[in-house]
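Visitor: What follows is a structure written as structure tokens; I'll ask about it next.
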Amino acid sequence: MSIRRIAICTGGGDAPGLNAVIRAVVLAAEQRGWDCLGIRDGYNGLLQPDEYAEGVVKLSRETVRGITHLGGTILGTTNRGNPLSFPITGEDGVVREVDRSDELVQKLQVRGIDALIAVGGDGSMAIAHALCQKGVRVVGVPKTIDNDLVGTSVTFGFNTASSFATLAIDRLHSTAEAHRRVMVVEVMGRYAGWIALYSGVAGTADVILIPEIPYDYDEVANKIRTRNQAGYDFSIVVVAEGARPRGGELSVREREVGSAERLGGAGEKVAAEIEARTRQDTRVVVLGHLQRGGSPSTWDRLLALRFGAAAVRALDEGQDGVMVALDPPTVRYVSLEEATERTKTVPLDHDLILTARDLGISFGD
Ligand code: F6P
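Written as structure tokens, this is what we have:
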């Protein structure tokens, strides 16, 4: 079936590069004579039209002018609008999850949308896969600062986020040294340690704690004591938000119906245990959403533009149910099924883990 109109939406946590994808999609679609619509806040613009002046907007060369370098997303995003488990508050005040995907498919048809480009992380790709199985022609674009999507060597947003974390760690060295303190830096990444590993190695951390390697507080303290004995009386400890002690629990801040659990607090716990064991003054810095904000790096801009253009080419070539993926030096397509098979965590034999160990960095194991 030939295409006349496509729609694009951005879902899940934002990541630097979303606007670059939108721009590339709109311009590439326009070149093919296709209309391009933007759905607000994931699919909420379609599912909750009453909450918007315009839940679906027409995108054109004019509306995407000058946005390549901007963080965020001009369409807005949400992690509370999964059409497969949409949170609805009942009359009893209890929030329940309802499957609204059939309704969404119908709404796409009513708008004359021939194909959908879904930009997002693992949750968004799972939704895209489900929509595809219900007959929607869909291509996914992998986005997340966490870099935890399989099928693509990297997601856009990760480079900007990990570079920001590296700069933050760089800055903490001088103040840690001046006060002879332990500085604990908590970074994002959900259940994968990519941001902690990349920024920790690049920023010359002494200890890096990642979800893939449960740690032992005594080992962490030993590393700090060893440094102190060698005359280095300050240390930098990078903690992924999803890291947990051996036999211990994940640090979860909040669990809410209809959205993913919110992690947080891992850094505080590690700092308290370090201070208790070493008696050394310890401070915690949580980088939080600073990692997601701001302009995309050159790398992320280019990757996002490439992904956006490739998504439109995929539709033009008749592809369906695929996600664009980076397979250096080229961009290829993987099935949404493959892309949603599992979370891409850091393999224990990853070269960067081996490199870190050779540099004397401790994983607390
Ligand atoms: O998935 C991206 C991410 O930034 C994670 O690293 C983090 O755990 C989560 O989103 C935070 O989500 P929220 O924006 O809902 O606080």
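Residues in the sequence shown are numbered consecutively from 691, following this note's numbering.
The beta-carbon is built from N, C-alpha and C at its ideal position, and this holds for glycine as well.
Using C-beta distances below 8 Å, list every residue in its chain close to I778, excluding the 5 sequence neighbours before and after it, in chain order.
Guide: V785, R786, E787, V788.
Visitor: In this structure, how does DSSP classify E1028 when only helix, strand and coil are distinguished?
Guide: Looking at E1028 - three-state DSSP - the assignment turns out to be helix.
Visitor: What is the residue span of the alpha helix (DSSP H) that R973 lies within?
Guide: Not the alpha helix (DSSP H): R973 falls in the beta strand (DSSP E), residues 972-976.
Visitor: What number of angstroms, rounded off, separates the C-alpha of T753 from the C-alpha of A705?
Guide: Each residue's Cα considered, the two are about 20 Å apart.
Visitor: Any idea if P832 is buried or exposed, counting beta-carbon neighbours within 10 angstroms, 16 or more meaning buried?
Guide: Under this definition P832 is a buried residue.
Visitor: State the start and end residues of the unbroken beta strand (DSSP E) segment that holds L749.
Guide: First-last of the beta strand (DSSP E) with L749: 746-749.
Visitor: Under the DSSP definition of a beta bridge, which residues are partnered with K833?
Guide: Looking at the DSSP assignment, K833 forms a beta bridge with F846.
Visitor: Going by CA-CA distance only, name the one from G841, G890, S925, P901 that's closest to T865.
Guide: Measuring from the Cα of T865, the nearest candidate turns out to be S925.
Visitor: May I ask you to check if the CB of D836 is nearer than 7 Å to at least one heavy atom of the ligand F6P?
Guide: Because some heavy atom of the ligand F6P lies under 7 Å away, the Cβ of D836 counts as near it: yes.
Visitor: Beta strand (DSSP E) containing I696: first to last residue?
Guide: Per DSSP, I696 belongs to the beta strand (DSSP E) from 695-700.
Visitor: So, for D971: in the same chain, excluding its five sequence neighbours on each side, which residues have a beta-carbon less than 6 Å away from its beta-carbon?
Guide: So the qualifying residues of the chain are R871.
Visitor: Considering F776, what are the terminal residues of the beta strand (DSSP E) in which it resides?
Guide: Unbroken beta strand (DSSP E) run through F776: 776-779.
Visitor: Sorted by chain position, which residues of the same chain lie with C-beta nearer than 7 Å to W724's C-beta, five sequence neighbours on each side aside?
Guide: Once the five neighbours on either side are set aside, the close Cβ partners of W724 are I693, R694, R695, I696.
Visitor: Please confirm whether any heavy atom of the ligand F6P lies closer than 7 Å to the CB of R982.
Guide: Yes, the Cβ of R982 comes within 7 Å of a heavy atom of the ligand F6P.
Visitor: Looking at the ligand F6P, does it come within less than 7 Å of M815, judged from the CB to the closest heavy atom?
Guide: Not so, every heavy atom of the ligand F6P lies at least 7 Å from the Cβ.
Visitor: Does the distance from the CB of T1035 to the CB of E902 come in under 8 Å?
Guide: Closer than 8 Å, so yes.
Visitor: For E793, report the span of its alpha helix (DSSP H) as first-last.
Guide: 791-800 is the span of the alpha helix (DSSP H), which, as asked, contains E793.
Visitor: Kindly confirm or deny that the segment 981-996 and the segment 705-722 touch, where touching means at least three C-beta pairs closer than 8 Å.
Guide: Yes, the segment 981-996 touches the segment 705-722.
Visitor: Are the beta-carbon atoms of I1051 and V897 separated by less than 8 Å?
Guide: Yes, they are a contact pair.
Visitor: Does the distance from the C-beta atom of S814 to that of G701 stay below 8 Å?
Guide: Yes; because the gap between Cβ atoms is below 8 Å, this pair is in contact.
Visitor: Under the rule that 16 or more other beta-carbon atoms within 10 Å means buried, what is A911, buried or exposed?
Guide: Buried, by the Cβ-count rule.
Visitor: Can at least three beta-carbon pairs, one atom from the segment 1018-1030 and one from the segment 736-751, be found at a separation below 8 Å?
Guide: Taking 8 Å as the limit for Cβ pairs, the verdict is that the segment 736-751 does not touch the segment 1018-1030.
Visitor: Taking its Cβ as the centre, do 16 or more other Cβ atoms sit within 10 Å of Y905, making it buried, or is it exposed?
Guide: Classification of Y905: buried, given that the 10 Å Cβ count is 16 or more.
Visitor: Going by beta carbon distance, what residues of the same chain come within less than 7 Å of E958, once the five residues before and after it are set aside?
Guide: Cβ within range, chain order: V974.
Visitor: Using 8 Å as the threshold, is the C-beta distance between D838 and T1030 below it?
Guide: The answer is no: Cβ separation not under 8 Å.
Visitor: What number of angstroms, rounded off, separates the C-alpha of S853 from the C-alpha of V874?
Guide: When rounded, the distance between both Cα atoms is 18 Å.
Visitor: Hey, out of A851, R917, D731, T1045, whose CA is closest to E867's CA?
Guide: Ranking the options by Cα distance to E867, first place goes to R917.
Visitor: Entirely within the segment 718-743 and at least 4 residues each: give me those alpha helix (DSSP H) ranges in chain order.
Guide: For the segment 718-743, whole alpha helix (DSSP H) runs of length 4 or above, ordered along the chain, are 734-737.
Visitor: Who are the Cβ neighbours of R915 in its own chain at under 7 Å, not counting the five residues just before and after it?
Guide: Taken in chain order, the residues that qualify are T968.
Visitor: Mind checking which residues open and close the beta strand (DSSP E) that includes I807?
Guide: Per DSSP, I807 belongs to the beta strand (DSSP E) from 805-810.
Visitor: For L977, count neighbouring Cβ atoms within 10 angstroms of its own Cβ and tell me buried if that reaches 16, exposed if not.
Guide: L977 comes out buried.
Visitor: Kindly indicate the opening and closing residues of the beta strand (DSSP E) around R943.
Guide: Looking at the DSSP string, the run of the beta strand (DSSP E) that includes R943 is 942-944.
Visitor: Does at least one heavy atom of the ligand SAM sit under 7 Å from the Cβ of N769?
Guide: The model on display carries the ligand F6P but not the ligand SAM.
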